[in-house]
Amino acid sequence: MLEKNVTLSLKGCVRGALMCVPVFPGIIVFGAVFGTVAAQKGLTFLETILMNSLVYAGASQFVAMEIFTEPLDHGTLIAMIGVTAAVNMRMLLIGASLRPWLGQLPGHQTYPALFFLTDLNWLLTLAQYDKGERDWGIYLGSGLTVWAVWSLSVIPGYFAGSLISDPKTFGLDLVLPAFFAALLVPLWKGKRQTYSWAIAGGVAWVTWALFGGYWGIFTGAFAGAIAGAYLDD
Amino acid sequence: MTEGAFTADTMVLFAILGMAAVTYALRAGGYWVMGRVNVTPRIRRGLEALPGAIIVSTILPIILQGGLVVGLCIIVAVAAQLRMKKEYIAVFCAAAAAAALRAGGI
Numbered sequence: 036m037l038e039k040n041v042t043l044s045l046k047g048c049v050r051g052a053l054m055c056v057p058v059f060p061g062i063i064v065f066g067a068v069f070g071t072v073a074a075q076k077g078l079t080f081l082e083t084i085l086m087n088s089l090v091y092a093g094a095s096q097f098v099a100m101e102i103f104t105e106p107l108d109h110g111t112l113i114a115m116i117g118v119t120a121a122v123n124m125r126m127l128l129i130g131a132s133l134r135p136w137l138g139q140l141p142g143h144q145t146y147p148a149l150f151f152l153t154d155l156n157w158l159l160t161l162a163q164y165d166k167g168e169r170d171w172g173i174y175l176g177s178g179l180t181v182w183a184v185w186s187l188s189v190i191p192g193y194f195a196g197s198l199i200s201d202p203k204t205f206g207l208d209l210v211l212p213a214f215f216a217a218l219l220v221p222l223w224k225g226k227r228q229t230y231s232w233a234i235a236g237g238v239a240w241v242t243w244a245l246f247g248g249y250w251g252i253f254t255g256a257f258a259g260a261i262a263g264a265y266l267d268d
Numbered sequence: 004m005t006e007g008a009f010t011a012d013t014m015v016l017f018a019i020l021g022m023a024a025v026t027y028a029l030r031a032g033g034y035w036v037m038g039r040v041n042v043t044p045r046i047r048r049g050l051e052a053l054p055g056a057i058i059v060s061t062i063l064p065i066i067l068q069g070g071l072v073v074g075l076c077i078i079v080a081v082a083a084q085l086r087m088k089k090e091y092i093a094v095f096c097a098a099a100a101a102a103a104l105r106a107g108g109i
């Protein structure tokens, strides 16, 4: 059941890169705010750049900075790594869902490329795959572009404090959720989606109400996938 | 910034490397495991159901926390996407609607 006609071209990379342009404002503001938070918490410029570019998972970086204290002791260090794992648990599922598409490619290509896996380029990629696209440049191009924009956006935030005093005034906090909602629309095909999404939403909601934080993304997604697997058309 | 901008504390460096390693392990781990599992039609359907399930699970808490404005703007985004079928238009409409609603004091 593995896809055999997967190709990689520069043209595909460029197309993937261009698809991310509408979310640049959201990424830049998000990255700049992280720079500001890191500066306020007392990270050096080098530490901020390293964390932002190497971890490359926004929500988990913010949560880790929440518990960061200076000087950093062993307990806090472990806790920072632990919350990072908890917030990013959904990456397991996201990566798993790429297997049928990228499984035929050699590991020396896919494993380095998986460093650039985010919700954003994963969703773009699967939406294109759905439409019959088989050029995985879409994945790589969008991943590299978002990483570059994210890596650079932290710099002005670190030095200038908050560039935009309140992103909410311009509705910039809506950019990413609205983009995700828009990507959801073409994924709806019928009854199976309605049920599995309702189950995902219900489980995510209950988890969020009970535990708060980001666990709901993992439990909801997992429940939705199980429902999708067992609902026969 | 009391110390130099281009220095890094050893402990902070360990924290960063640990966070980076665990995140990469999660990014690559799911993909790696699926290479060792026989992908039956049922598993395949489960994986196909994942994107929608993850989006719903991600957006729902954001709406619940964000309240009326965020909820309305997500509806605007979905409506724009249904009519225009262009993601960037949907994003622009939602952000503009949020700015307008907040300027209006909602």
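Line by line, the protein sequences give chains A and B. Residue numbers are given in our numbering: position 111 of the first sequence equals residue 146, and the series is strictly consecutive. Residue numbers are given in our numbering: position 69 of the second sequence equals residue 72, and the series is strictly consecutive. All C-beta atoms, glycine included, are put in the ideal place defined by N, C-alpha and C. What you are looking at is a predicted structure, and each value in this text was computed from that prediction instead of being measured.
Per-residue contacts from A:V58 into chain B (C-beta, under 8 Å)
V94
Should the stretch 231 to 240 of chain A be regarded as contacting the stretch 107 to 120 of chain A, the criterion being three or more beta carbon pairs within less than 8 Å?
no
DSSP-derived helix/strand/coil call for A:D170
strand
So A:G51 packs on A:G176, CB below 8 Å; how close in whole Å?
3 Å
For A:T42, which beta-bridge partners are listed by DSSP?
A:D170
Through-space distance from A:Q139 to A:D201, alpha-carbon basis
46 Å
Start-to-end residues for the alpha helix (DSSP H) that takes in A:Q75:
F59 to K76
Start-to-end residues for the alpha helix (DSSP H) that takes in A:N270
Because chain A in this structure spans residues 36 to 268, residue 270 of chain A falls outside the shown range and cannot be described.
Whose C-beta lies closer than 7 Å to the C-beta of A:T242 among residues of the same chain, with five residues either side of it excluded?
W250, G251, T254 and G255
Step through the CB atoms of chain A and report whether any lies within less than 8 Å of the CB of B:L71.
no
To the nearest angstrom, how far is the alpha carbon of B:P54 from that of A:L161?
8 Å
Skipping 5 residues on each side, what residues in its chain have a beta carbon closer than 7 Å to that of A:V58?
L155, V210, L211 and F214
With contact counted as at least three CB pairs below 8 Å, one residue from each stretch, are the stretch 35 to 42 of chain B and the stretch 132 to 146 of chain A in contact?
yes
Within 10 angstroms of the Cβ of A:N123, are there 16 or more other Cβ atoms? Answer buried if so, exposed if not.
buried
Between A:P212 and chain B, is any beta-carbon pair separated by less than 8 Å?
yes
Using the Cβ count rule (16 or more neighbours within 10 Å means buried), how would you classify A:N40?
exposed
Within-8 Å CB hit, B:T55 to chain A
Note that residue 55 of chain B corresponds to Gly in the displayed sequence, not to Thr. For B:G55, the answer is yes, since a Cβ of chain A falls inside 8 Å of its Cβ.
Could you pull out every residue in the same chain whose Cβ sits closer than 7 Å to the Cβ of A:Y164, ignoring the five residues on either side in sequence?
W136
For A:F194 and A:L219, I'd like the C-alpha separation in whole angstroms.
36 Å
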